[in-house]
Amino acid sequence: MTPQRAALAADVVVAWLVDRKSPRDAMAASPLLRDLPAAELAAIGRLATAAIAGMRRHEFVLGGPRGLAGLPPPRRALALVLAVAVATDALLADGAERWFAAVDAPLGFARLLRAEAILAETADPQLRFARRHSVPDWFAARVLAAFGERAEAVATALAQPALRTLRANLLRVADRAALAAELAAEGVATQPARHAPTALHVEGDADLFATAAYRRGAFEQQDEASQLVALLTAPPPRGKVLDACAGSGGKTLALAAALGNRGVVAAADPHAGRLQALRVRARRAGATNLALHEVGETAWPADVAAFAAAADRILIDAPCSGTGSWRRRPEARWLVDEGSLVQLARAQESLLARAAAALRPGARLVYATCSLLPEENADRVAALLTAQPELELVRSAEILGSAVAAPITGPDGAVLSVRPDLQGCDGFFAAVLRRRRAGRV
Numbered sequence: 000m001t002p003q004r005a006a007l008a009a010d011v012v013v014a015w016l017v018d019r020k021s022p023r024d025a026m027a028a029s030p031l032l033r034d035l036p037a038a039e040l041a042a043i044g045r046l047a048t049a050a051i052a053g054m055r056r057h058e059f060v061l062g063g064p065r066g067l068a069g070l071p072p073p074r075r076a077l078a079l080v081l082a083v084a085v086a087t088d089a090l091l092a093d094g095a096e097r098w099f100a101a102v103d104a105p106l107g108f109a110r111l112l113r114a115e116a117i118l119a120e121t122a123d124p125q126l127r128f129a130r131r132h133s134v135p136d137w138f139a140a141r142v143l144a145a146f147g148e149r150a151e152a153v154a155t156a157l158a159q160p161a162l163r164t165l166r167a168n169l170l171r172v173a174d175r176a177a178l179a180a181e182l183a184a185e186g187v188a189t190q191p192a193r194h195a196p197t198a199l200h201v202e203g204d205a206d207l208f209a210t211a212a213y214r215r216g217a218f219e220q221q222d223e224a225s226q227l228v229a230l231l232t233a234p235p236p237r238g239k240v241l242d243a244c245a246g247s248g249g250k251t252l253a254l255a256a257a258l259g260n261r262g263v264v265a266a267a268d269p270h271a272g273r274l275q276a277l278r279v280r281a282r283r284a285g286a287t288n289l290a291l292h293e294v295g296e297t298a299w300p301a302d303v304a305a306f307a308a309a310a311d312r313i314l315i316d317a318p319c320s321g322t323g324s325w326r327r328r329p330e331a332r333w334l335v336d337e338g339s340l341v342q343l344a345r346a347q348e349s350l351l352a353r354a355a356a357a358l359r360p361g362a363r364l365v366y367a368t369c370s371l372l373p374e375e376n377a378d379r380v381a382a383l384l385t386a387q388p389e390l391e392l393v394r395s396a397e398i399l400g401s402a403v404a405a406p407i408t409g410p411d412g413a414v415l416s417v418r419p420d421l422q423g424c425d426g427f428f429a430a431v432l433r434r435r436r437a438g439r440v
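With numbering that gives the first Met the number 0, letter number 368 in the sequence shown gets 367, and the count goes up by one each step, no holes.
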C-alpha cells in the first residue's frame, strides 16, 4: 500500500466521520480521485469501506473501550485505514509502525499485532462478538439468537467484499453467455453465477461504465440475490406487475425484461429522485413497458390503487435494516438502531396490509427484504397469514421448480432465503402469498 492510497482512503473515511457521506458518494465528489485508473479507485474504495466497516473492532483494539474518540477526524481516519492494511497484510509491520507513530493513536500499533488476544479478553460473549465482528450490539444479539453456531460464519461473510455482479438485460442480449462474450471482447472477464440464470460475476476491477456494453444497456449491476427475487416474482405473459417500493428500479427493470416489454410494470416510490434515475436507466435498457408513479408514504393515489387491484403480481421489496447487504454498504450498520427497527416494522406492516387489501383472488403478493433478521422476514409473513387467513403461501419450489429452488430455499422449499456465508450473494428473503379464489379452502 502506498502513502497516497492510504491518504486518499483516509479522506473518504473522514467524509463519513464528519458528514456521514457514504464511500461511494465521497469518492464520486472527490476531484483527487477523478483521473485515477479504475484498479486504483477500486483499491482505495475497498480500503475505505473496510475501515468504516471495521470501526468498532479497530478502535477498540487501538484505543480500548474509549476507542479513538479523542483523535481529530483526519488522524482517526488514517489510524483506521492503517489498521485495515495491517490486518490484511497490505502493509509490512515495520512500515506500519512508522506510520502509526505519525498518527499517534492512543495505545499504538503494537496492539494490532495481538488483536485477537485483546478481543478475547472481553468476558461477555455478545459484546465480544460485537467487537470482534465490528457490529452494533442490537445486531449481535439478534444474529446470535437466529443463527447459533452459524453466527460467526454469517458475520465473517458480511465483512468480505461483495462480488460485482451483472444482470444480462434480455431486452438487449440473447442470454448471459452472449453478454459474457461481448464483455470478453472488451477485456472484461466474467463467470456465470450459480443460481440466477441472468447473473454474471465480474473478475478484476475493469471500469464497467466505460464499456460499449454498458452504454447500449446490455447489463445492469445487480446482486444475484436481487435477481432471484425478480425471478421468483414470475410475472405471467403480458401480465401486470406493481413494484410498490421500486427505488431506482433494479427489480423493475428485471421484471420489464422478463415480460419482454409486454404487459405493464408499474413502479411506485415516494422519492422523485429515485424515479428520475429509473427513467434514465430504462432508456438505456430499452424498457418501454413501464409506468412510473410518485406515491405517498402511507397511501397510494387512486390510479396506483386501481392498478394494484387489477395486478397479477404486487412486489413489496420492503424498507428494512439492510443487514443482508452490509458487504455492499458497510456504513449502513452504523445507521440503524433499535428505534429504526421499530419504525421499519411499522412500515413493513403498513405496506403488507395495503398490498394484501388490494390483492385480487388468484393474484400473488411477493414480500422481500435484504435483511437477515427473522423479525423482518418469516415472522412478518407469519403475522400476515394469521391476520388474513384468506391468503396462502405459495412455495418457491412450485414457482421455480425443485431443482432451482433447493439450494436457495429452506428444506421445505417454501421461501427464498439466501446468505453470503452459504450462497455467496447478499442476504435476501422473499415469500410469495396468494389470495385464495372463491370456494378454495
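By construction, the Cβ of each residue, glycine as well, lies at the ideal position given by its N, Cα and C atoms.
Extent of the continuous beta strand (DSSP E) run through His132 = Here His132 belongs to no beta strand (DSSP E); instead the alpha helix (DSSP H) covers 124-132.
Backbone CA spacing between Gly186 and Ala180 [nearest angstrom] = 10 Å
task = Taking Glu219 as part of the beta strand (DSSP E), name the residues at either end of that continuous run.
result = 218-220
Any beta strand (DSSP E) of 3 or more consecutive residues that is wholly inside the region 297-379 = 312-316, 363-368
key: Own chain partners of Leu91 with C-beta closer than 8 Å, once the 5 adjacent residues on each side are dropped   = With a pLDDT of 49 at Leu91, under the threshold of 50, the modelled position of that residue is not reliable, and no figure is offered here.
inquiry  = Just verifying my parser: in three-state terms, what is the DSSP assignment at Gln226?
reply    = helix
query = Using a Cβ-Cβ cut-off of 6 Å (strictly less than) and excluding sequence neighbours within five positions of Ala156, which residues of its own chain qualify?
reply = Pro419, Asp420
query = In its own chain, which residues sit with a C-beta less than 6 Å from the C-beta of Arg379, not counting the 5 before and 5 after it?
reply = Gln347
message = On the criterion of 16 or more Cβ atoms from any shown chain inside 10 Å, does Thr385 qualify as buried, or is it exposed?
response = exposed
query = At what residue ranges does the region 109-175 contain a whole run of the beta strand (DSSP E), taking only runs of 3 or more?
reply = 164-167
inquiry  = Given a cut-off of 8 Å on the beta-carbon distance, is the pair Asp425 and Gly323 in contact?
reply    = yes
key: Proximity of Trp137 and Asp336 at Cβ, strictly below 8 Å   = yes
Reference Glu293, options Ser247, Gly412, Asp411, closest by Cα = Ser247
message = Suppose contacts are defined by Cβ-Cβ distances below 8 Å. Is Ala253 in contact with Leu277 by that definition?
response = no
Cβ neighbours of Asp222 in the same chain (closer than 6 Å, five flanking residues each side left out) = Thr164, Cys424, Asp425
inquiry  = Pull the bridge partners of His292 from the DSSP assignment, please.
reply    = Ala267
query = Does the count of Cβ pairs from the region 42-51 and the region 208-218 closer than 8 Å reach three?
reply = no
query = Short check: CB of Arg130 to CB of Arg237, under 8 Å?
reply = no
Backbone CA spacing between Glu374 and Gly62 [nearest angstrom] = 35 Å
task = State yes or no: is the C-beta of Arg171 within less than 8 Å of the C-beta of Gly285?
result = yes
inquiry  = Starting from Asp242, trace the alpha helix (DSSP H) in both directions and tell me its first and last residue.
reply    = Segment 239-242 is the beta strand (DSSP E) holding Asp242; no alpha helix (DSSP H) there.
message = Three or more C-beta pairs under 8 Å: does that hold for the region 198-208 against the region 22-39?
response = yes
message = Using the three-state DSSP reduction, which class does Ala245 fall into: helix, strand or coil?
response = coil
message = Taking 8 Å as the cut-off, does the region 326-336 touch the region 144-163 (at least 3 CB pairs, one atom from each stretch)?
response = yes
query = According to the Cβ coordinates, are Val393 and Val431 closer than 8 Å?
reply = yes
Pair within 8 Å by beta-carbon distance, Arg273 and Glu219 = no
key: Span separating the alpha-carbon of Thr232 from that of Leu415   = 11 Å
request  = Consult DSSP for Glu443 and reduce its assignment to one of helix, strand or coil.
outcome  = No answer is possible for residue 443: the residues shown for the chain start at 0 and end at 440.
key: Inter-residue Cα distance where the pair is Glu397 and Ala377   = 18 Å
Through-space distance from Leu372 to Arg261, alpha-carbon basis = 36 Å
message = Please classify Pro269 as buried or exposed, where buried requires at least 16 neighbouring CB atoms within 10 angstroms.
response = exposed
query = Should Ile313 be listed as close to the ligand SAH, given that the test is whether its C-beta is under 7 Å from any heavy atom?
reply = Ligands displayed in this structure: none; no statement on the ligand SAH is therefore possible.
key: 8 Å contact criterion, which Leu199 and Leu178 should meet: CB distance rounded   = 6 Å
8 Å Cβ shell around Ala271 - same chain, five flanking residues per side excluded = Glu293
key: Spatial distance of Asp34 from Ile43 (CA atoms)   = 13 Å
request  = Closer than 8 Å by C-beta to Leu390: which residues in its own chain qualify, once you throw out the five before and the five after it? Chain order, please.
outcome  = Ala355, Leu358, Leu364, Leu383, Leu384, Leu432, Arg433, Arg434, Arg435
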